[in-house]
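First the structure, in the form of C-alpha cells, and then the observations on it.
There are 2 protein chains.
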Amino acid sequence: MAQRLPARPGDPVEAIETPALVVDLAAFESNLDAMATAVAASGLRLRPHAKSHKCAAIARAQVARGAVGICCQKTDEALAFVDEGIGDVLVTNEVVAPAKLARLAQAARRARIGLLVDSEHGARAASAAASRAGVTLALYVEVDVGAHRCGVAPDAAGALAAGVAALPAVRYAGLHCYHGAAQHLRAPAERAAAIASASEAVRSATASVASAGLDTAIVTGAGTGTWTLERDAGVWNELQPGSYVFMDADYGRNVRAGGEIAFAQSLYVIASVMSAPTPSRAVCDAGLKALAFDSGLPQVHGRGGVVYAKASDEHGVLEVAPGAAPVTLGERLWLVPGHCDPTVNLYDWIVAVRDGRIEAVWPVDARGALG
Amino acid sequence: MAQRLPARPGDPVEAIETPALVVDLAAFESNLDAMATAVAASGLRLRPHAKSHKCAAIARAQVARGAVGICCQKTDEALAFVDEGIGDVLVTNEVVAPAKLARLAQAARRARIGLLVDSEHGARAASAAASRAGVTLALYVEVDVGAHRCGVAPDAAGALAAGVAALPAVRYAGLHCYHGAAQHLRAPAERAAAIASASEAVRSATASVASAGLDTAIVTGAGTGTWTLERDAGVWNELQPGSYVFMDADYGRNVRAGGEIAFAQSLYVIASVMSAPTPSRAVCDAGLKALAFDSGLPQVHGRGGVVYAKASDEHGVLEVAPGAAPVTLGERLWLVPGHCDPTVNLYDWIVAVRDGRIEAVWPVDARGALG
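Protein chains in written order, with the working numbering: chain B, 770 to 1140; chain D, 770 to 1140.
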C-alpha cells in the first residue's frame, strides 16, 4: 500500500514521477528561518504544529532552529514523531479513548507528552492511563477563546485546572488557547478583532486559574494566520504555527498586515498533462486523490492563462485562455494546493528540491495517522 | 507510515479504533448481487470500477459474481490489482508518460491490460512501450460523449481507431464512452436526457469507426448514477459502475427513477466523540483527513438530531438539536461519507462487519496509488 518513491536524490526535477508532492527547499528554509528568528526575538516559545507536515525531517529542522518541541493533532501522529526521536510532543486535542491514552502514556516513557482536556472525564481518563504506565502526562486545559469547537468557557478554566492538579500521574501544564476560525479571516482588521477578543478570553481564563490558586504556566496557541497578534498580545507565551513552512492557496488569499512576514509558497503538487483534447482544455493527472479541495481549487504556478477549473477523482481539468501558450501532452504543472495539511496527508513522500535537483526524499512519517 | 490495524476479525464492532472505514457486509453483498444479477440479465458485460474501493478482496468478489475484469484509473492502481491476481484490468484513463507505459506493458505479461487514448501521441507512446516489452496492449479510443473532460469528438473516433490499428504491439479494442458529469444530476429526467445525448454521440462514434473499416468491438462506460440508461440504450455492451458497492451521501441525493435498484449504504466512517462542551455542540475525531469533503459533509447515520456541521483537519463539529438524546464523550457515530472514492483513499484498511462482529479486515491495496 505504500506509494512508489517518486524520485531519487540527485535526479533532476524532470525525473519526478507525477503526481508528486514537492518542497522548494530555498523557500521552505527561508520560512523556517524567518519564523524561528522572529519568535526568538519576541522571547516566546515556538512549538510548531506538525499536523501540517507530518514529517520527522521537518520537525528536526524546526527543533534545530530553536523550537521547544512540536504539536500534533492525534495520538498516532504523536507516536510517529516520538518513534523518530522527537522528545517533546503536545497533542493539541482531547483524547478520551482508553486505548489511545494507554499508547500516549507508553510514549511518555520516551518523551515529554502533553495533551488537552476540556472535561473532568478526560482528565480522569488521562490520569488513570498515566498511573497504570507509571508516567506523568502534562495536561493543558483547552479554553474556547472564540472558535466554538472544543474547550471550556474561560471562567471554567480554573476549576478544571484544579481538578487536574488534584489527580495522580498528571500535572496541570497550562492553557490551550487557539482560535482556529480566525486564521483565514481575510482582512487584517478582522483577524486583529478576533484575536483581541480571544485575548480577553485568555485573561479571563488566567484569572480563573489564579483564583483556583494555580500558576497559569504555559499559555499556548496561535496559527500561521494570526501568530503576530498572539505574539504581541502579552498573554500567550508559546506559539504553534504550522502552515508557515509550506503555505497554500487559501493562506495566500489572506491580506497581509504591515509588519507580517511574507512566507513563501514552498509546497507544490507536480502534475502532468495527459490529455489536451482542444486548444482551450487540457487534463492533468492530479485530482481529488492528489489534492485536498476543502479550501478551494489549486492554483497553477507560473503558467499564465492556465487555470485548474474542475476536479474528479484522478483528473484535473485545465482551462487554457486564448493567447496562452498551448498546453502540451506530458507538460508538467506546479500546482499550489488549496489547503496544505490534508494535501500532505495524501502522500507518503515529500520530494525536497533545490536548484532543479532532488536533494532528499522525506517520508511523511505520520501520513494517515488518524488514530 | 502504514495505518494501525483498527480491529481484528472476531472482535465486536465496539472494539474498532476510530476513525475507521467500515463496510456493512450484508448491505455490501446485496449491492454486489443486485448489480451482477441485473447486468447478467441484460446480456451486457460488467467491468466494475475499482477506483471506488481499491481493494483486491472486493475485486475478487466482483469477478466471482461474473465481472469480466475491473477498471482502474491509474497505472499504479492497476498494478496493485495485477499483483493481487486480477487478470483483466482496463485503465480508464489516458497514460502518456513513458515510465508508466513501461510498467503497464510489463504488467501485460501477467494480465490483459487496456488503456485509453485520445491522441496519436498517446497511441504511439503505448505502442512503443508494448513493443519494447514484447506484449500487446488493448487500446480504447476515448470519446467525449458530453463530460467535456478527455476524449476525441465522436466523428474523430474512426481516424484514431484506424491509427491505433496500424501500430505494432497494440490493438484497437473499442470505445470508451463515459459521461461522468451525468452521474450526479439529481432528477431522473436530467440523467435520461444526458445519456440520450451521450447515446447519440456513441452512434456517431461507432459510425465513424465503421467508416474507417473497423468493427466497433467493445463500447464501455456508465456509472452508478446512470447505468440503467446505458444498459437500455442499445449502444453500450460493457458497464463500469463502481460506487454501487458502497454508495455515499452524494449519490443518496440522486432522485431514483422507477425501476432503478435502491443500492444500500454499506460504507461508513466510524468516529468517536472526544469533546462535548455544550449541550448543543460536540466534536468527533473525524475531520478533513478522515473523510473527503469535495461532495459535501458526511451524514450522521441513525442518530436523530445530530448533524455533522463543520470540519477541520482532525475535528468534526456536531450540532445537537434541542430534544435530541445528549451526545456523550466516547460515543461512536457512524458517518456516511459525502463521496466514497476519495474517502476510501484515506484508509489503509476496510473493516468488514456483520451482525455486530468483525468478519475481515481488508487491505486497501491501491491506497494512494496516484502514479
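All residues carry an ideal CB built from backbone N, CA and C; glycine is no exception.
This one's a predicted model, so the numbers in the text were calculated from it and none came from an experiment.
Cα-Cα separation, V1076/B to V1089/B: Here the question's residue 1076/B lines up with position 307 in the first sequence. Here the question's residue 1089/B lines up with position 320 in the first sequence. Taking the straight line from one Cα to the other gives about 7 Å.
With 16 other Cβ atoms within 10 Å as the buried cut-off, status of A899/B: In the first sequence, residue 899/B corresponds to position 130, counting from 1. That one is buried.
At least 3 beta-carbon pairs within less than 8 Å: the segment 847-866 of chain D vs the segment 877-885 of chain D: As far as the Cβ criterion goes, the segment 847-866 of chain D touches the segment 877-885 of chain D, which means the pair count is three or higher.
L801/B versus A916/B: straight-line alpha-carbon distance, rounded: Counting from one through the first sequence, the residue named residue 801/B turns up at place 32. Counting from one through the first sequence, the residue named residue 916/B turns up at place 147. Straight-line Cα distance between these residues: approximately 27 Å.
Closer than 9 Å at the beta carbon, the chain B residues around G1140/D: Working through the second sequence from its first residue, we reach residue 1140/D at position 371. Correct list: Q772, R773, P775, E786, T787, P788, A789 and D1054.
Enclosing alpha helix (DSSP H) for W996/D [first to last residue]: Residue 996/D sits at position 227 when you count from the first residue of the second sequence. If you look at W996/D, you'll find it in the alpha helix (DSSP H) that goes W996 to A1002.
Sequence-distant residues of the same chain with beta carbon closer than 7 Å to P775/D, five excluded per side: Indexing the second sequence from 1 puts residue 775/D at position 6. Excluding the 5 residues flanking it on each side, P775/D has same chain C-beta neighbours closer than 7 Å at I785, E786, A789, W1118 and V1120, in chain order.
Alpha helix (DSSP H) segment containing N800/B, residue limits: Taking the first residue of the first sequence as position 1, residue 800/B is located at position 31. L794 to S811 is the extent of the alpha helix (DSSP H) around N800/B.
As assigned by DSSP and simplified to three states, the class of I855/B: Within the first sequence, numbered from 1, the residue matching residue 855/B stands at position 86. Three-state result, I855/B: coil.
Exposed unless 16 or more other CB atoms sit within 10 angstroms - verdict on D1019/B: Position 250 of the first sequence, counted from the first residue, corresponds to residue 1019/B. Only buried fits D1019/B, as 16 or more other CB atoms lie within 10 angstroms of its CB.
Below-8 Å beta-carbon distance, Q1068/B vs any chain D residue: Within the first sequence, residue 1068/B is the residue found at index 299, counting from 1. Taking Cβ atoms only, chain D never reaches closer than 8 Å to Q1068/B, which makes this a no.
Residues of the segment 1082-1112 of chain B whose Cβ lies closer than 8 Å to any Cβ of chain D, in chain order: Of all residues in the segment 1082-1112 of chain B, the ones placed with a Cβ closer than 8 Å to any Cβ belonging to chain D are D1082, E1083, H1084, V1086, L1098, G1099, H1108, D1110 and P1111, in chain order.
Per DSSP, cross-strand counterpart(s) of Q1009/B: As a position in the first sequence, residue 1009/B is number 240, starting the count at 1. Note: Q1009/B is not bridge-paired with any residue in the DSSP secondary-structure output.
Three-pair Cβ contact test at 8 Å for the segment 1062-1075 of chain D versus the segment 927-938 of chain B: The count of Cβ pairs closer than 8 Å, one atom from the segment 1062-1075 of chain D and one from the segment 927-938 of chain B, stays below three, leaving the stretches out of contact.
For G943/D and E1140/D, the rounded distance between their alpha carbons: Here residue 1140/D corresponds to residue number 371 of the second sequence, with the count starting at 1. Here residue 943/D corresponds to residue number 174 of the second sequence, with the count starting at 1. The amino acid occupying residue 1140/D in the given sequence is Gly; Glu does not appear at that position. C-alpha separation (whole angstroms): 24 Å.
Proximity winner among A950/D, A907/D and V1105/D, relative to R918/D (alpha-carbon distances): Position 149 of the second sequence, counted from the start, is the residue given in the question as residue 918/D. The shortest Cα separation from R918/D among A950/D, A907/D and V1105/D belongs to A950/D.
Test: L1115/B CB closer than 8 Å to a CB of chain D: Residue mapping note: residue 1115/B aligns to position 346 of the first sequence, counting from 1. Interface residue, yes.
Residue-chain proximity (V864/B, chain D), Cβ-Cβ < 8 Å: As a working mapping, residue 864/B is identified with position 95 in the first sequence. Interface residue, yes.
Beta carbon proximity, Q831/D to chain B, threshold 8 Å: If you number the second sequence from 1, residue 831/D lands on position 62. At a cut-off of 8 Å between beta-carbon atoms, Q831/D makes no contact with chain B.
Reference T1097/B, options M804/D, A866/D, A825/D and Q772/D, closest by Cα: Residue mapping note: residue 1097/B aligns to position 328 of the first sequence, counting from 1. Distance check between T1097/B and each of M804/D, A866/D, A825/D and Q772/D places A866/D closest, using alpha-carbon atoms only.
Outcome for S1035/D when other beta-carbon atoms lying within 10 angstroms are tallied against a minimum of 16: If you number the second sequence from 1, residue 1035/D lands on position 266. S1035/D should be labelled buried.
G1074/B versus V971/B: straight-line alpha-carbon distance, rounded: In the first sequence, the residue the question calls residue 1074/B occupies position 305. In the first sequence, the residue the question calls residue 971/B occupies position 202. Looking at the two C-alpha atoms, the distance is approximately 47 Å.
Segment contact flag, the segment 888-907 of chain D with the segment 948-966 of chain D, C-beta cutoff 8 Å, min 3 pairs: Not touching, per the Cβ criterion.
Cα-Cα separation, K820/D to D1124/D: Walking along the second sequence from the start, residue 820/D turns up at place 51. Walking along the second sequence from the start, residue 1124/D turns up at place 355. Taking the straight line from one Cα to the other gives about 27 Å.
Rounded separation between A877/B and V939/B - CA only: Counting from one through the first sequence, the residue named residue 877/B turns up at place 108. Counting from one through the first sequence, the residue named residue 939/B turns up at place 170. A877/B and V939/B have their C-alpha atoms roughly 11 Å apart.
I839/B in three-state terms, based on DSSP: Taking the first residue of the first sequence as position 1, residue 839/B is located at position 70. Strand.
When P923/B, R834/B, L1102/B and M1016/B are compared against G994/B, the one with the closest alpha-carbon: Counting from 1 along the first sequence, the entry for residue 994/B is found at position 225. Proximity to G994/B across P923/B, R834/B, L1102/B and M1016/B peaks at M1016/B, based on C-alpha coordinates.
Alpha carbon of K1079/B to alpha carbon of S1049/B, nearest angstrom: Translated into positions along the first sequence, residue 1079/B becomes position 310. Translated into positions along the first sequence, residue 1049/B becomes position 280. Their Cα atoms are separated by approximately 14 Å.
Cβ contact check for the segment 1129-1140 of chain D and the segment 820-831 of chain D: 3 or more pairs under 8 Å: Yes, the segment 1129-1140 of chain D is in contact with the segment 820-831 of chain D.
Those residues which DSSP pairs with Q875/B across a bridge: Locating residue 875/B in the first sequence gives position 106, counting from the first residue. DSSP output for Q875/B lists no bridge partner at all.
Residues from the segment 976-997 of chain B in contact with chain D, defined by Cβ distance under 7 Å: If the cut-off is 7 Å between Cβ atoms, the segment 976-997 of chain B has nothing near chain D.
Which of helix, strand or coil DSSP assigns to S977/B: Counting from 1 along the first sequence, the entry for residue 977/B is found at position 208. In the structure shown, S977/B sits in a helix (DSSP, three-state: H, G or I).
Chain D residues whose Cβ lies nearer than 8 Å to that of Q842/B: One-based indexing of the first sequence puts residue 842/B at position 73. Here the neighbours are D1082 and E1083.
DSSP three-state assignment for V971/B, whether helix, strand or coil: As a first step, residue 971/B is located in the first sequence; it is residue number 202 there, counting from the start. In the three-state reduction of the DSSP assignment, V971/B falls in the helix class, which pools H, G and I.
Test: H953/B CB closer than 8 Å to a CB of chain D: The count along the first sequence starts at 1 and reaches residue 953/B at position 184. H953/B does not count as touching chain D.
Contacts that G1071/B makes with chain D (C-beta to C-beta distance below 8 Å): Locating residue 1071/B in the first sequence gives position 302, counting from the first residue. Per Cβ cutoff of 8 Å: no residues; G1071/B is ~21 Å from chain D at best.
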